[in-house]
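Protein chains: 2
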Amino acid sequence: MAPKSVETAPEVLTGDPKHAARATRSAGRRMRSRLLDVASRLFKERGLAGTSISDIAAAADAFPSQITYYFRTKEALFVEAACRDVLYVARAAEQAALQAKTPRDYTGALVEAVTATDSVSFFTEALTLTRRRPDLAPLVERTIERLHGEGLRAYAGQIERHGWKSLRDPDASSRRFWALAIGVTVEGHAMGRSAAEMGAEMLSVLGDQATTRTEDNNLRLRLVGDREVSNSDSTDGEAS
Amino acid sequence: MAPKSVETAPEVLTGDPKHAARATRSAGRRMRSRLLDVASRLFKERGLAGTSISDIAAAADAFPSQITYYFRTKEALFVEAACRDVLYVARAAEQAALQAKTPRDYTGALVEAVTATDSVSFFTEALTLTRRRPDLAPLVERTIERLHGEGLRAYAGQIERHGWKSLRDPDASSRRFWALAIGVTVEGHAMGRSAAEMGAEMLSVLGDQATTRTEDNNLRLRLVGDREVSNSDSTDGEAS
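Residue numbers (this note's numbering), protein chains in the order written: chain A, 1 to 240; chain B, 1 to 240.
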């Protein structure tokens, strides 16, 4: 059963059926997006068990039936909100890192952006949940592939632009970055570490990712040669 | 209230009070250990939510009251079983890696041993649980410190014995190993990867950890010099 949208777009009242359908779709997208925003905030504050569908509906000024219409279950909403959230943070991290002048600044900016929020932890809870809920796995799989694919594309672009040399296969660098972000966050939260401490730990275990050509001449580094980079994952914009 | 031990040690019947007390302590230790063994197996098969105290008691041929006597809550038993389990696997991995003739074989043996079991995943669930149960955090913190400390000690010993050169700070190498083990496992389970696939992914993101001196001369590698290694964490044997 389709829900009544709380937010009725004024265009629906104009009488043109095509216009009305478009306006309804657009109002539906806005409601869906608002529910995801509110759910992300509440889930990050209180966890899955501490947040109910009615809490989210109340905070989003919506009906509980709208949540089940758009997302079916609380768990499915949790996973979708977490996947969307980690992709936002990944994009914000790449934006922040664009200004970096050296490989070390680049890694530092990425790490700072990723550890400053609770998004990796939220996403990790979604990954853990998915293990016993295989019906929710496909979205999580696509999200991991996009994190790796977009990370690789951004890193390869940065290396190319600055003429840096990657110390390892750039594809493995992106996958290593995210696996370490998850591992360091899981450990860090259990250890009661602050965001700054997790950032420092992540920098320490990541080590240097790339070097400038000048450093290269000075430091006798082993180089992974420039590679053709495939970025087939990066064109799909659906979950952004 | 002290539980009645299902397994009454025959020595208790000898009449010597000191002997009897020692025998009771020893029977208690055996029961505790059996409960941890059974709990580990069931939790790994069915997860925390899918396993009850009565299930564990029935499988261990014990009374539910013995579980609450030794561990208080199911969550505390879960965390203790997971910590013990990951330390066993870490030790088994170091044993398996002792035979390695090259740095690459050494890393390969560690990775194979760690990804062949469900223990890292079990431990990760314990870490996630601890985040909202700070009362259970101290054991988890000690376990992470021991994983890092014992990993460092074993790695430093191996490097020393073979005359290998570590490519990075050995301390960071041990911490990186465990953070990646957690990250790759969490991602791998959500992606439905097999143990072999997780092992391959882990080797790929770990990269080379050390080099032999011959390779060193051939490959132009940047070296982290030999360091004084502190292993103050490695003497405590309580949870083994």
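Quick reminder that beta carbons are idealized off the backbone N, C-alpha and C, glycines included.
Selection from the options that minimises the alpha carbon distance to residue i
| i | options | result |
| --- | --- | --- |
| arginine 30(A) | Ile67(A), Gly50(A), Lys44(A), Thr51(A) | Ile67(A) |
| tyrosine 88(B) | Arg104(B), Ala60(B), Leu110(B) | Leu110(B) |
| threonine 102(A) | Glu160(A), Gly151(A), Gly188(A), Glu197(A) | Glu160(A) |
| alanine 208(B) | Ala190(B), Ala196(B), Arg176(B), Gly192(B) | Correcting the residue identity first, residue 208(B) is aspartate in this sequence and not alanine. Among Ala190(B), Ala196(B), Arg176(B), Gly192(B), the Cα nearest to that of aspartate 208(B) is on Arg176(B). |
| alanine 154(A) | Ala20(A), Lys18(A), Ala92(A) | Ala92(A) |
| lysine 165(A) | Asp85(A), Arg104(A), Glu150(A), Tyr70(A) | Arg104(A) |
| valine 86(B) | Tyr69(B), Ser121(B), Asp61(B) | Ser121(B) |
| threonine 90(A) | Arg131(A), Arg25(A), Asp118(A) | In the sequence under discussion, the amino acid at residue 90(A) is alanine, which differs from the threonine named in the question. Residue Asp118(A) is the option with its Cα nearest to alanine 90(A). |
| alanine 116(B) | Gly163(B), Met198(B), Ala60(B) | Met198(B) |
| alanine 210(B) | Ala156(B), Glu150(B), Arg193(B), Glu145(B) | Ala156(B) |
| lysine 44(A) | Arg84(B), Ser204(B), Arg131(B) | Arg131(B) |
| isoleucine 144(B) | Pro64(A), Gly192(A), Lys18(A) | Gly192(A) |
| aspartate 171(B) | Thr24(A), Val205(A), His19(A), Ile53(A) | Val205(A) |
| glutamate 201(A) | Thr212(B), Gly163(B), His148(B) | His148(B) |
| tyrosine 69(A) | Arg41(A), Ser174(A), Lys18(A), Gly28(A) | Gly28(A) |
| glycine 151(A) | Thr107(A), Ser194(A), Leu203(A), Ala196(A) | Thr107(A) |
| arginine 146(B) | Leu167(B), Arg25(B), Ser174(B), Asp135(B) | Ser174(B) |
| alanine 100(B) | Arg22(B), Gln158(B), Ala20(B), Leu167(B) | Gln158(B) |
| threonine 212(A) | Ala20(A), Leu167(A), Asp135(A) | Leu167(A) |
| arginine 84(A) | Arg41(A), Ser65(A), Thr24(A) | Arg41(A) |
| arginine 32(A) | Lys18(A), Ser65(A), Asp135(A), His162(A) | Ser65(A) |
Cross-strand partners of residue i (DSSP beta bridge)
| i | result |
| --- | --- |
| lysine 165(B) | Thr211(B) |
Chain A residues whose Cβ lies nearer than 7 Å to that of residue i
| i | result |
| --- | --- |
| methionine 191(B) | Glu141, Ile144 |
Within chain B, partners of residue i - CB distance below 8 Å
| i | result |
| --- | --- |
| glutamate 125(A) | Thr128 |
| arginine 168(A) | Gly207 |
| alanine 255(A) | Residue 255(A) is absent from the model: chain A starts at 1 and stops at 240. |
Residue i: contacting residues in chain B (beta-carbon distance under 9 Å)
| i | result |
| --- | --- |
| isoleucine 159(A) | Within chain B, no residue comes near isoleucine 159(A); the closest Cβ sits about 17 Å away, beyond 9 Å. |
| valine 186(A) | Thr124, Leu127, Thr128, Arg131, Ala179, Ile182, Gly183, Val186 |
Contacts of residue i in chain B (Cβ-Cβ under 7 Å)
| i | result |
| --- | --- |
| valine 86(A) | Those do not exist, as valine 86(A) stays about 12 Å from chain B at its closest Cβ, beyond 7 Å. |
| alanine 137(A) | Ala190, Gly192 |
Contact list for residue i against chain A, beta-carbon separation under 8 Å
| i | result |
| --- | --- |
| glycine 47(B) | Arg132 |
| arginine 175(B) | Glu201, Ser204, Val205 |
8 Å Cβ cutoff, residue i in contact with chain D
| i | result |
| --- | --- |
| glycine 183(B) | The structure shown contains no chain D; the protein chains it does contain are A and B. |
Tell me whether the region 36-45 of chain B and the region 94-111 of chain B touch, counting them as touching only if at least three CB pairs, one residue from each stretch, are closer than 8 Å. Verdict: no, contact absent.
Contact the region 110-121 of chain B vs the region 180-195 of chain B: 3+ CB pairs below 8 Å: Proximity of the region 110-121 of chain B to the region 180-195 of chain B meets the contact definition, three or more beta-carbon pairs being nearer than 8 Å.
So, does the region 70-89 of chain A touch the region 37-56 of chain A, judging by three or more C-beta pairs under 8 Å? With a cut-off of 8 Å, the region 37-56 of chain A and the region 70-89 of chain A count as touching, because enough Cβ pairs lie within range.
May I ask you to verify whether the region 114-134 of chain B touches the region 76-85 of chain B, counting CB pairs closer than 8 Å and requiring at least 3? With a cut-off of 8 Å, the region 76-85 of chain B and the region 114-134 of chain B count as touching, because enough Cβ pairs lie within range.
Inside the region 119-173 of chain A only - alpha helix (DSSP H) runs reaching at least 4 residues: DSSP runs (the alpha helix (DSSP H)) wholly in the region 119-173 of chain A: 119-131, 137-162.
Touching or not, the region 137-155 of chain B and the region 185-192 of chain A, by the rule of three or more beta carbon pairs under 8 Å? Yes: at least three Cβ pairs fall under 8 Å.
Kindly provide the ranges of any beta strand (DSSP E) runs that are 3 or more residues long and lie completely inside the region 18-47 of chain A, ordered along the chain. The region 18-47 of chain A contains no whole beta strand (DSSP E) run of 3 or more residues.
Please specify which runs of the alpha helix (DSSP H), each continuous and at least 4 residues long, are wholly inside the region 169-203 of chain A, giving them in chain order. If only complete runs of 4 or more residues are kept, the region 169-203 of chain A shows the alpha helix (DSSP H) at 170-190, in order along the chain.
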